[in-house]
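Engineer:
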Amino acid sequence: MTDEHKIAAEVSELVILSLDEMLTPEQKMRFNELIISDPGARKYYLDYLSIQIAIKHIIDTSKHKEGFAFLQKTERPPHQEDGIVIGKELAEYEKNGKPVEVERNVEPAERVLSEREREAKIRAFLAEEKAMEEQERMLAELERRKILQREIRRRRRIALAHSISAKIKKYATITAMAAVGMVTAYFVYALLTPAPRTSSIATLTDGINLKWAEPDLPAQLNSLLRPGYMKLIEGYAEISFDSGAKAILQAPAEIELQNASRAYLQSGILSATVPLEARGFTLNTPSASIVDLGTEFSVHVTKDGSSDIHVIKGKVSLLAGKIDNLVGKLFETVEQIVEAGQARHVKTGICKIQKIPFNQATFARNIPLPYKPSPYELAVRRSNPTCYWRFSGNDSRKCINSADADRYGAEYFGSIEFESSGPDLGDGQPNNALKLGDGYVLAPDIKIDGPDMRGSSIALWLRPDIISSNKQSIIWQDTSGKLGGIGFERLLFMDEKGHLGFLIFTSLYDENNSNIVEVLSTKKLQAGRWSHVAVTITSDNVQLSINGRISKTRINLTSQILDPDLIWHTFVGTPRNNRGEGEYFVLGRSTYSIFKGDVDEVALFNRALQAEEISRLYMSAKQNILSTDASY
0 MTDEHKIAAE VSELVILSLD EMLTPEQKMR FNELIISDPG ARKYYLDYLS IQIAIKHIID
60 TSKHKEGFAF LQKTERPPHQ EDGIVIGKEL AEYEKNGKPV EVERNVEPAE RVLSEREREA
120 KIRAFLAEEK AMEEQERMLA ELERRKILQR EIRRRRRIAL AHSISAKIKK YATITAMAAV
180 GMVTAYFVYA LLTPAPRTSS IATLTDGINL KWAEPDLPAQ LNSLLRPGYM KLIEGYAEIS
240 FDSGAKAILQ APAEIELQNA SRAYLQSGIL SATVPLEARG FTLNTPSASI VDLGTEFSVH
300 VTKDGSSDIH VIKGKVSLLA GKIDNLVGKL FETVEQIVEA GQARHVKTGI CKIQKIPFNQ
360 ATFARNIPLP YKPSPYELAV RRSNPTCYWR FSGNDSRKCI NSADADRYGA EYFGSIEFES
420 SGPDLGDGQP NNALKLGDGY VLAPDIKIDG PDMRGSSIAL WLRPDIISSN KQSIIWQDTS
480 GKLGGIGFER LLFMDEKGHL GFLIFTSLYD ENNSNIVEVL STKKLQAGRW SHVAVTITSD
540 NVQLSINGRI SKTRINLTSQ ILDPDLIWHT FVGTPRNNRG EGEYFVLGRS TYSIFKGDVD
600 EVALFNRALQ AEEISRLYMS AKQNILSTDA SY
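The letter at position 490 of the sequence shown is residue 489 when you use numbering that gives the first Met the number 0, and the numbering goes up by one with no holes.
1) Cα separation between phenylalanine 362 and aspartate 307?
2) Quick one: give me the first and last residue of the beta strand (DSSP E) that threonine 476 is part of.
3) Where does isoleucine 163 fall in DSSP's three states?
4) Determine the DSSP secondary structure at valine 14, reduced to helix, strand or coil.
5) Under 8 Å by Cβ, that's how I've got arginine 615 and serine 456 pegged, so tell me the actual separation to the nearest angstrom.
6) Taking only three categories from DSSP, how would you classify phenylalanine 362?
7) Whole angstroms is fine: what's the gap from asparagine 258's alpha carbon to isoleucine 289's?
8) Taking the alpha carbon of leucine 275 as the reference point, which residue from Ser242, Leu248, Gln26, Trp388 has its own alpha carbon closest?
9) For alanine 518 and leucine 491, what's the separation of their Cα atoms in angstroms?
10) Measure the alpha-carbon distance for isoleucine 247 versus isoleucine 465 and round it to whole angstroms.
11) Give the straight-line distance between the Cα atoms of glycine 348 and valine 337, rounded to the nearest whole angstrom.
12) Which value, in whole angstroms, describes the spacing of the CA atoms of glutamine 249 and tyrosine 235?
13) One question on the structure: do methionine 501 and valine 541 come within less than 8 Å of each other, judged by their Cβ atoms?
14) Pick out whichever of Ala271, Glu612, Thr478 has its Cα sitting closest to the Cα of isoleucine 549.
15) For phenylalanine 124, count neighbouring C-beta atoms within 10 Å of its own C-beta (all shown protein chains included) and say buried if the count is 16 or more, exposed if not.
16) Considering tyrosine 407, what are the terminal residues of the beta strand (DSSP E) in which it resides?
17) Just to check my reading of the structure: arginine 462 and tryptophan 567 have Cβ atoms closer than 8 Å, yes? What is that Cβ distance to the nearest angstrom?
18) According to DSSP, is aspartate 426 helix, strand or coil?
19) Which one of Tyr617, Ser544, Met493 has the shortest CA to CA distance from threonine 590?
20) Among Lys5, Gly39, Ser419, Tyr44, which one has its Cα closest to the Cα of leucine 18?
21) As a quick exercise: from Arg261, Ser260, Gln265, Tyr47, pick the residue whose alpha carbon is nearest that of isoleucine 254.
22) Pull the bridge partners of cysteine 398 from the DSSP assignment, please.
23) Report all residues from its chain with a CB closer than 8 Å to the CB of glutamate 580; omit the five preceding and five following residues, and keep chain order.
24) Ends of the beta strand (DSSP E) at threonine 34?
25) Starting from leucine 377, trace the alpha helix (DSSP H) in both directions and tell me its first and last residue.
26) Work out the CA separation of leucine 565 and aspartate 599 for me, nearest whole Å.
27) DSSP state of serine 614, grouped into three classes?
28) Between the alpha carbons of isoleucine 163 and lysine 169, how many angstroms are there, rounded?
29) Taking serine 260 as the reference, give the member of Thr272, Ile268, Gly267, Ala252 with the closest Cα.
30) Among His309, Ser420, Ile311, Gly267, which has the Cα closest to the Cα of aspartate 303?
31) In angstroms, rounded to a whole number, what distance separates the CA positions of leucine 325 and tryptophan 211?
32) State the start and end residues of the unbroken beta strand (DSSP E) segment that holds asparagine 208.
33) Cβ atoms of leucine 282 and alanine 201: under 8 Å apart, would you say?
34) Over what stretch of residues does the beta strand (DSSP E) that includes threonine 569 continue unbroken?
35) Mapping the DSSP letters down to three states, classify proline 466 as helix, strand or coil.
36) Identify whether alanine 670 lies in helix, strand or coil by the three-state DSSP scheme.
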């Protein structure tokens, strides 16, 4: 028997046992192996199943009952050995029975691999298995290396930590010992060496009758000032900060110098002048912070911490809020830019900025004289004049502008004399005055009219020698043909009856004399007696005052008489021959003689003084009521 027949017999037996579910585990493995690996066994198994299905179909239809009668004679229930019997009978039937045709799909036979192909397939399978094993080995090796590296790093960190800990312990001991030594040395040094003083941030450059509440604060000029609290109880102090800013402090006042560009004004009056190089200078108050933008401003802080800010030149950034003086910072602030000619009020505890009338009368902007000023002089300074000529007689050629020594100085022309019997300025001290007649004073190129049409003012003391039959010119102002070719002239004069007069003239010819504005006082001046006179000019009126009282007002004037761009030449006394008339002065259609008498304390203001200010000027000299109280 050949191997193929042996396999066929083995397959036939295993198929029958499989259908009877009598296969042992070893036989199942063998049966599965043959079906999978041997196409002939697989074909036999399929054919056998097809025959079984056909036989069942024949039995069900009873089409061939006679051929299977022997199967039906058995009345007992099926038994396991019946399968073997049926198999033998089927084998006998196959030999002698009629062939049964079964319809089935004929599948092409699978090609049997050659020995070389089978070996190649096996080699490919083994190579693939080997590659997979190599990949798994490499992955395992990589994971092992990662674990090893993590372990090495962990051990290194532990070793480093132990090393650092040991060094820290070592150096901590050394540092502690060194610290103890340094502290000991410091205390020894502190005990043996006086503490160094804080470097200066400002200089006391000027002052009048100044007195500090603290006796150890310097009162000598050019003394260095350091950061700290200062309380001025008398006089004036000029503080020049290292940044270039300058502040005039008026008593009573409390201030804290913080650095070269910042100070804290707790109460009192301060005027600051800040050049461009010191821009950004900051003055804090209990209710506000004023940041300079290159300007000149004044501040009045009342006892409750409220602040009044008046900007004279340039502009400032005003912040209203609660100030933390320790750090110089404001909280819950509102900000506003305040420009020249404007004033604002900030109340303590309220973040609100209110507009108030601009008024320079409360503030002194310069301390040019190193002596005690008279009450009248202080009153004039607090009204902030543009020009203030005092005619002290110290220089026979020039007269310094006491309001601003750097500009608007005047020169003497002709024969100049000084009288020692000047007006009493409230201090009972002798006072010089200028004698007018053959000489005069010239101050050229002055801008008198204030911005925003705020007008201008003139104030002076006057004592005529005689009341003559002619009008006498006292102060003459001329624009020299400015403003579009139209010349403007102003003249303060005394008429033939002793009335004070003021005239405004334009060169524009008018037959009805509408180019001339003239006003005369109702009160008369008296020969040989000093009188305080003032004139204020606005776009609406001209007002004359004698000895602190309004004497005459003319209204409904043209606004053309004021212009902030006009440049005036001011003559105190009058030059001869201005119109070729000998000792007479011609203006318009009138002729004026040269004033014979004395003048003193001539002040020009670039705003119209209020009636109360004019009265205060006069009363300061008559009753010495002016004090250093901030209300003036």
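Note that the Cβ used here is the ideal one computed from N, Cα and C, for glycine as well. In this text the structure is predicted, and so the values were computed from the model without any measurement.
Structural biologist: In short:
1) 11 Å
2) Threonine is not the amino acid found at residue 476; the sequence shown has glutamine there. Its beta strand (DSSP E) spans residues 470 to 477.
3) helix
4) helix
5) Not really, about 13 Å apart at Cβ, beyond 8 Å.
6) coil
7) 15 Å
8) Ser242
9) It should be pointed out that residue 518 corresponds to valine in this sequence rather than to alanine. Their Cα atoms are separated by approximately 10 Å.
10) 43 Å
11) 20 Å
12) 5 Å
13) At residue 501 the sequence reads phenylalanine, which differs from the methionine that was named. The answer is yes: Cβ separation under 8 Å.
14) Glu612
15) exposed
16) Looking at the DSSP string, tyrosine 407 is not in any beta strand (DSSP E), and its letter there is neither H nor E.
17) The Cβ separation is near 25 Å, so there is no contact.
18) coil
19) Met493
20) Tyr44
21) Gln265
22) Ala409
23) Interpretation of glutamate 580 is limited by its pLDDT of 45, a score under 50 that renders its predicted location unreliable; the figure taken from the coordinates is listed afterwards. Around glutamate 580: Thr590.
24) The residue you asked about is not threonine; residue 34 is isoleucine in the sequence shown. Per DSSP, isoleucine 34 belongs to no beta strand (DSSP E); it is in the alpha helix (DSSP H), 24 to 36.
25) 374 to 381
26) 26 Å
27) helix
28) 10 Å
29) Thr272
30) Gly267
31) At leucine 325, the pLDDT of 47 sits below 50, so the modelled position is not reliable; the number obtained from the coordinates is stated separately. Going by the C-alpha atoms only, they are around 23 Å apart.
32) 201 to 211
33) no
34) 567 to 571
35) One detail in the question is off: residue 466 reads as isoleucine in this sequence, not proline. It is coil, neither helix nor strand.
36) Residue 670 is absent from the structure shown; the chain starts at 0 and stops at 631.
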